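J.: Handing you this structure, nothing more for now.
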Amino acid sequence: MSESFNHFMSMLNDYVKGNTMSIDLIGNLREIAMWASCKGCIQSFVEIYIHEWKIYIQTRILPFNIEDWSTYDVKRFEWGVLESLIEIWIKSVKTYFEYIFESEKQMRNEIFQGLGTDIEDICFEVIIQDYQTQVFNIIYTLSFSNPPPDKIFLILDLYQTLEHFLKETCFIAKPRNPFQATVQPQLLTVLADKISSNLSIFEKVLLYHESSVIFVGPVDPLPRYVMHYLCYLCEHKSTLRKLSLPKLPSIDEDDLVLYSEELKGQSELSRHAIWIIMMIMSNIEGKAKLCEDGSAGHFFAMKNISYIVHEITVHHELKEVIGYDYYDKLIQKLDHAKFNYLRLELEEIIKMRDYGGE
Numbered sequence: 079m080s081e082s083f084n085h086f087m088s089m090l091n092d093y094v095k096g097n098t099m100s101i102d103l104i105g106n107l108r109e110i111a112m113w114a115s116c117k118g119c120i121q122s123f124v125e126i127y128i129h130e131w132k133i134y135i136q137t138r139i140l141p142f143n144i145e146d147w148s149t150y151d152v153k154r155f156e157w158g159v160l161e162s163l164i165e166i167w168i169k170s171v172k173t174y175f176e177y178i179f180e181s182e183k184q185m186r187n188e189i190f191q192g193l194g195t196d197i198e199d200i201c202f203e204v205i206i207q208d209y210q211t212q213v214f215n216i217i218y219t220l221s222f223s224n225p226p227p228d229k230i231f232l233i234l235d236l237y238q239t240l241e242h243f244l245k246e247t248c249f250i251a252k253p254r255n256p257f258q259a260t261v262q263p264q265l266l267t268v269l270a271d272k273i274s275s276n277l278s279i280f281e282k283v284l285l286y287h288e289s290s291v292i293f294v295g296p297v298d299p300l301p302r303y304v305m306h307y308l309c310y311l312c313e314h315k316s317t318l319r320k321l322s323l324p325k326l327p328s329i330d331e332d333d334l335v336l337y338s339e340e341l342k343g344q345s346e347l348s349r350h351a352i353w354i355i356m357m358i359m360s361n362i363e364g365k366a367k368l369c370e371d372g373s374a375g376h377f378f379a380m381k382n383i384s385y386i387v388h389e390i391t392v393h394h395e396l397k398e399v400i401g402y403d404y405y406d407k408l409i410q411k412l413d414h415a416k417f418n419y420l421r422l423e424l425e426e427i428i429k430m431r432d433y434g435g436e
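When we follow our numbering, the leftmost residue of the sequence shown carries the number 79, and every step to the right adds one.
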């Protein structure tokens, strides 16, 4: 029976490529299952089926097995290694659910229907268990790590993928030890806390960022980096709105009234997005004042505010998060910056005319 079954399992490549399996192949597997049931060895057939599927998944879809790593191993991982593992898990899970999940579920039903109590569910539970064990180990490792602020997007991807995974599987694999039994139900909570702390670190770094360097290029690097971060962040707005976000960092008393007015009545995510933009605007205005030439300072402010407004305009998710009222205020700030720059330029032109072009 094993040889015959293995022969049919070797044909699964066609199934994956076409997201379907031939009626003849399923029929042959059904005949073997019925024969095994009549002979009283259905359990052996189920074990072979599970074994072959697990080999296929581990070699073709989920190639890295971290199930046997010790607690000591996972604690000392460098972030780069953990990042690769997260990316592999996300990709493998998405591949499984996009190309295999529904068809494999249908195939199990057609092969095992009526041959035993809950055989289909038992097969699925064992096959999917490695995914659950691996994501447990990944998140356990993540809880000990301090990823850079821009890795919040990878953690958000992991959160979204895990949320979909748990929804589709409708259960968590049976814990293999008491510690897992306690922690597994909290996987999404652990990720949510990591996302919150990561965002908090980014905002504190931005708050205390000091730079007196005036960038002479088209756009200052700091607004470019921050807006890139913020645009990507708002692409995950549906997930972020479900989470408890961190408290905004404390600011100077002088700015408290202005910030409180702008953030009043906003949702948590909107408050954070607006606060980040206000901080970068404050940074731009501070650098502009450092310019010895007033015209150069106004030009610096104008081009960087223009960049911020442009990024919000073309990224509709960000515009929706901050709201049209605040967006209009930024347009007004840009118009004011343009006016100040053009006024000073015109004054310089008039002076040159009055002094004979000197």
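The beta-carbon is built from N, C-alpha and C at its ideal position, and this holds for glycine as well. Just so we're clear, the structure is a prediction, and the values are computed from it rather than from any experiment.
Would you tell me roughly how many angstroms separate the C-alpha atoms of Ile205 and Cys309, rounded to the nearest one?
T.: The residue labelled residue 205 in the question sits at position 127 within the sequence shown. The residue labelled residue 309 in the question sits at position 231 within the sequence shown. So the two alpha carbons sit approximately 38 Å from each other.
J.: Are the beta-carbon atoms of Leu220 and Glu241 separated by less than 8 Å?
T.: Counted from its first residue, the sequence shown places residue 220 at position 142. Counted from its first residue, the sequence shown places residue 241 at position 163. Not a contact, by the Cβ cut-off of 8 Å.
J.: Does the count of Cβ pairs from the region 269–280 and the region 230–237 closer than 8 Å reach three?
T.: The region 269–280 is in contact with the region 230–237.
J.: Is the separation between the beta-carbon of Lys411 and that of Ile383 shorter than 8 Å?
T.: Sequence index remark: in the sequence shown, residue 411 carries index 333 (1-based). Sequence index remark: in the sequence shown, residue 383 carries index 305 (1-based). Yes, the pair counts as a contact, with Cβ atoms nearer than the cut-off.
J.: Closest to Thr247 by C-alpha separation, out of Phe222, Pro225, Phe202 and Glu339, would be which residue?
T.: Here residue 247 corresponds to residue number 169 of the sequence shown, with the count starting at 1. Among Phe222, Pro225, Phe202 and Glu339, the Cα nearest to that of Thr247 is on Phe202.
J.: Could you tell me if Met430 is buried or exposed, where buried requires 16 or more neighbouring beta carbons within 10 angstroms of its beta carbon?
T.: Looking up residue 430 in the sequence shown gives position 352. By the neighbour-count rule (16 or more Cβ atoms within 10 Å), Met430 is not buried but exposed.
J.: I need the boundaries of the alpha helix (DSSP H) containing Ser278, first residue and last residue.
T.: The count along the sequence shown starts at 1 and reaches residue 278 at position 200. Leu265 to Leu285 is the extent of the alpha helix (DSSP H) around Ser278.
J.: Specify the secondary structure class of Lys229 as computed by DSSP and reduced to three states.
T.: What you label residue 229 is simply residue 151 of the sequence shown in a count that begins at 1. Reduced to three states, the DSSP call for Lys229 is helix.
J.: State yes or no: is the C-beta of Leu422 within less than 8 Å of the C-beta of Ser345?
T.: If you number the sequence shown from 1, residue 422 lands on position 344. If you number the sequence shown from 1, residue 345 lands on position 267. No, the pair does not count as a contact, with Cβ atoms beyond the cut-off.
J.: Could you say which of Phe378, Ile386, Leu284 and Ile168 lies nearest to Gly295 if we only look at CA atoms?
T.: One-based indexing of the sequence shown puts residue 295 at position 217. Nearest option by C-alpha distance: Phe378.
J.: Among His388, Leu420, Ser162 and Arg349, which one has its Cα closest to the Cα of Glu281?
T.: As a position in the sequence shown, residue 281 is number 203, starting the count at 1. Glu281 has its Cα closest to that of Arg349, out of His388, Leu420, Ser162 and Arg349.
J.: Let's test the definition: count the other Cβ atoms within 10 Å of the Cβ of Ile216 and tell me whether it reaches 16, buried, or not, exposed.
T.: Position 138 of the sequence shown, counted from the first residue, corresponds to residue 216. Looking at its Cβ environment, which holds 16 or more other Cβ atoms inside 10 Å, Ile216 is buried.
J.: Which word fits Phe222, buried or exposed, when buried means at least 16 other C-beta atoms lie within 10 angstroms of its C-beta?
T.: Position 144 of the sequence shown, counted from the first residue, corresponds to residue 222. When all chains shown are included, Phe222 counts as exposed.
J.: I'd like to know whether the C-beta atoms of Lys284 and Ile352 end up nearer to each other than 8 Å.
T.: Counted from its first residue, the sequence shown places residue 284 at position 206. Counted from its first residue, the sequence shown places residue 352 at position 274. As written in the sequence, residue 284 is Leu, which differs from the Lys given in the question. No, the Cβ-Cβ distance between Leu284 and Ile352 is not below 8 Å.
J.: Rounded to the nearest angstrom, what separates Tyr177 and Val171 at their Cα positions?
T.: To locate residue 177, count along the sequence shown from 1; it is residue 99. To locate residue 171, count along the sequence shown from 1; it is residue 93. Approximately 10 Å between the Cα atoms of the pair.
J.: Got a sec? Which residues, its chain only, sit under 7 Å from Leu347 by beta carbon, not counting five neighbours each side?
T.: To locate residue 347, count along the sequence shown from 1; it is residue 269. Lys315, Leu318, Arg319, Leu323 and Val399, listed in sequence order.
J.: To the nearest angstrom, how far is it from the Cα of Met357 to the Cα of Lys169?
T.: Position 279 of the sequence shown, counted from the first residue, corresponds to residue 357. Position 91 of the sequence shown, counted from the first residue, corresponds to residue 169. Each residue's Cα considered, the two are about 36 Å apart.
J.: Could you tell me which uninterrupted alpha helix (DSSP H) segments, each at least 4 residues in length, are contained entirely in the region 345–390, listed from first to last along the chain?
T.: Runs of the alpha helix (DSSP H) inside the region 345–390: 346–368.
J.: With 16 as the cutoff for other CB atoms within 10 Å, does Gly343 come out buried or exposed?
T.: On the sequence shown, residue 343 is found 265 positions in, with the first residue counted as 1. Label assigned to Gly343: exposed.
J.: Within a Cβ cutoff of 6 Å, which residues of the same chain sit near Ala251, ignoring the five residues on either side of it in sequence?
T.: Counted from its first residue, the sequence shown places residue 251 at position 173. A caution first: Ala251 carries a pLDDT of 49, below 50, which makes its placement in the model unreliable, though a value can still be read off. Hits under 6 Å: Gln207 and Gln210.
J.: By the three-class DSSP mapping on this structure, what secondary structure does Asp298 have?
T.: Mapped onto the sequence shown, residue 298 falls at position 220. Reduced to three states, the DSSP call for Asp298 is coil.
J.: Which of helix, strand or coil does DSSP assign to Ala251?
T.: The residue given as residue 251 occupies position 173 in the sequence shown. Confidence is the limiting factor: at Ala251 the pLDDT is only 49, short of 50, which leaves the residue's position unreliable and the question unanswerable from this model.
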